[in-house]
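These notes concern the structure reproduced below.
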Amino acid sequence: MSLETEMPARSVAEDPLYLERLDMFLEKSLSDIRDFAQRERRDFEQVRIDVANWHSRYLFHPDRTAPSAGATTVNARVHDVLKTASQLLESLFEVAGRQSFLLVINPTDDKDNGFLGGTIAGREYWRGLRNGGEAGARNFREYCKKSSSGVGSSAQASTHSEGTSSKQTPAIAMKNNLYVEMRTRLRVASGVRNAEMKWTRPGKLSAYGVALLGWPSEIEYKNPSKMSFQETSTIMRLLQENTIYFRLLQDHTGTNTSCSSAIVPSIDTNDVSWACDVDGFHFGAHDGIPGNRA
248 MSLETEMPAR SVAEDPLYLE RLDMFLEKSL SDIRDFAQRE RRDFEQVRID
298 VANWHSRYLF HPDRTAPSAG ATTVNARVHD VLKTASQLLE SLFEVAGRQS
348 FLLVINPTDD KDNGFLGGTI AGREYWRGLR NGGEAGARNF REYCKKSSSG
398 VGSSAQASTH SEGTSSKQTP AIAMKNNLYV EMRTRLRVAS GVRNAEMKWT
448 RPGKLSAYGV ALLGWPSEIE YKNPSKMSFQ ETSTIMRLLQ ENTIYFRLLQ
498 DHTGTNTSCS SAIVPSIDTN DVSWACDVDG FHFGAHDGIP GNRA
């Protein structure tokens, strides 16, 4: 999915102290904004946000021309902002352990494949999600087009979603959740974006450079479609407790390399691809979606 194209590098100022002087100048500007907020008897942070909004209108004004060799078009400036937002989400994970992904599309551009940002686990979850990836970005773009024409289509989509999700039983939902959770953790631990779980032959996970540890001896290795509700509940609980985890084969220290925060935030409850999965091979459930086959 061509969603994370790198922006052209900013031109380096000839004076190496330029950025340092600019930082000092902006710090003084913050002091001026604080003084202004006190005179206006307003909250400083709110005034600071108002200033940022004011500057954003300048950044995204279509008639603006920049003298530098940096981003000079609206699309490039938008991309620059999205990259910054993605980096903030990655920082949020490092600081607070919060997983996320960011999908942004341009509803007016049929050639736009969108921008995918966020944490590694979040991006891999979206790429591996049924009807996610590029197909999901296109569907989202079409949905936004229809939504902009009126609220009827949105209400209809909501009704359709409620109607289809009501057909799912708790057992089916649990099996599907387990399938997605295991695959997401495998991809994060191995770094292989299209890795698929080998449910009946976990030894074959060595092809991805990882080993599965912590599987309970009382439950045989099998596809979630063959598990009882109690078995799927047990495996899911052990995953979330990091008792079951993936370890890099070159890591002989026993370090847990699982993504402990990669709990799937929302599941497509209509995804029954696990029922057709035999050690990671899908027959039809994920056809046409990049990155879903091993």
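Numbering (this note's numbering), first residue to last: 248 to 541.
Where is the CB? At the ideal position from N, CA and C, for every residue including glycine.
CB contact flag (residue i, residue j, <7 Å)
| i | j | result |
| --- | --- | --- |
| VAL551 | ALA368 | No answer is possible for residue 551: it lies beyond the span of the chain, which begins at 248 and ends at 541. |
| SER347 | THR331 | no |
| PRO471 | THR481 | no |
| GLU371 | ARG440 | yes |
| PHE291 | ALA284 | yes |
| ILE352 | ARG388 | yes |
| CYS391 | PRO354 | yes |
| ASN360 | ALA382 | no |
Simplified DSSP state of residue i, which is helix, strand or coil
| i | result |
| --- | --- |
| VAL298 | helix |
| TYR468 | coil |
| LEU555 | With the chain represented from 248 up to 541, any question about residue 555 goes unanswered, as that position is not in the structure. |
| GLY448 | Inspection of the sequence shows that residue 448 is occupied by Arg rather than by Gly. Correct three-state label for ARG448: coil. |
| SER413 | Reliability of the predicted coordinates at SER413 is poor, the pLDDT of 47 falling under 50, and the value obtained from them is presented with this limitation in mind. In this structure, SER413 counts as coil in the three-state DSSP scheme. |
| THR516 | Its pLDDT being 41, under 50, THR516 is placed unreliably in this model, and the coordinates cannot settle the point. |
| GLY364 | strand |
| ARG288 | coil |
| SER505 | With a pLDDT of only 46 at SER505, under the threshold of 50, the placement of this residue in the model should not be trusted, and no figure is reported. |
| ARG388 | helix |
| ARG377 | coil |
| VAL325 | helix |
| VAL439 | coil |
| ARG494 | strand |
| LEU264 | coil |
Integer Cβ distance of residue i from residue j, believed to fall under 8 Å
| i | j | result |
| --- | --- | --- |
| PRO463 | LEU485 | 7 Å |
| ARG494 | LEU460 | 6 Å |
| MET483 | GLU443 | No, MET483 and GLU443 are not in contact; Cβ-Cβ is about 18 Å, not under 8 Å. |
| TYR455 | SER437 | 4 Å |
| LEU339 | GLY364 | About 12 Å separates the two Cβ atoms, so there is no contact after all. |
Environment of residue i [buried if 16+ CB atoms lie within 10 Å]
| i | result |
| --- | --- |
| TRP301 | exposed |
| LYS422 | buried |
| ASN544 | The shown model of the chain, from 248 to 541, leaves out residue 544, and the question about it has no answer. |
| GLU488 | exposed |
| PHE362 | buried |
| LEU335 | exposed |
| ILE491 | buried |
| MET474 | buried |
| ARG268 | exposed |
| SER264 | The amino acid at residue 264 is misidentified as Ser; the sequence shows Leu. Exposed: under 16 other Cβ atoms inside 10 Å. |
| SER333 | buried |
| ARG286 | exposed |
| LEU349 | buried |
| LEU277 | exposed |
beta-carbon residue i near the ligand GDP non-hydrogen atom, thresh 6 Å
| i | result |
| --- | --- |
| GLY375 | No copy of the ligand GDP appears in this structure; indeed no ligand is present at all. |
Sequence-distant residues of its chain with Cβ nearer than 8 Å to residue i (five each side left out)
| i | result |
| --- | --- |
| THR416 | none |
| ASP357 | ARG388 |
| LYS469 | TRP446 and THR447 |
| LEU386 | Sequence inspection shows Asn at residue 386; the Leu mentioned does not correspond to that position. The residues are ASN378. |
Proximal residues to residue i (C-beta, below 6 Å), its chain only, five neighbours per side dropped
| i | result |
| --- | --- |
| ARG281 | PHE291 |
| ILE296 | none |
| GLY501 | Its pLDDT being 46, under 50, GLY501 is placed unreliably by the model, and nothing is read from it. |
| LEU273 | none |
| ASP518 | Reliability fails at ASP518, whose pLDDT of 45 lies under 50, so the model's placement of it is uncertain and the value that follows must be treated cautiously. Taken in chain order, the residues that qualify are ARG377 and ASN423. |
Proximal residues to residue i (C-beta, below 7 Å), its chain only, five neighbours per side dropped
| i | result |
| --- | --- |
| SER303 | none |
| GLU293 | A small fix is needed here, since residue 293 is Gln in this sequence, not Glu. Once the five neighbours on either side are set aside, GLN293 has no close Cβ partner at all. |
| SER453 | LEU496 |
| GLU465 | none |
| GLU341 | none |
| PHE476 | ALA418 and MET421 |
| GLU467 | none |
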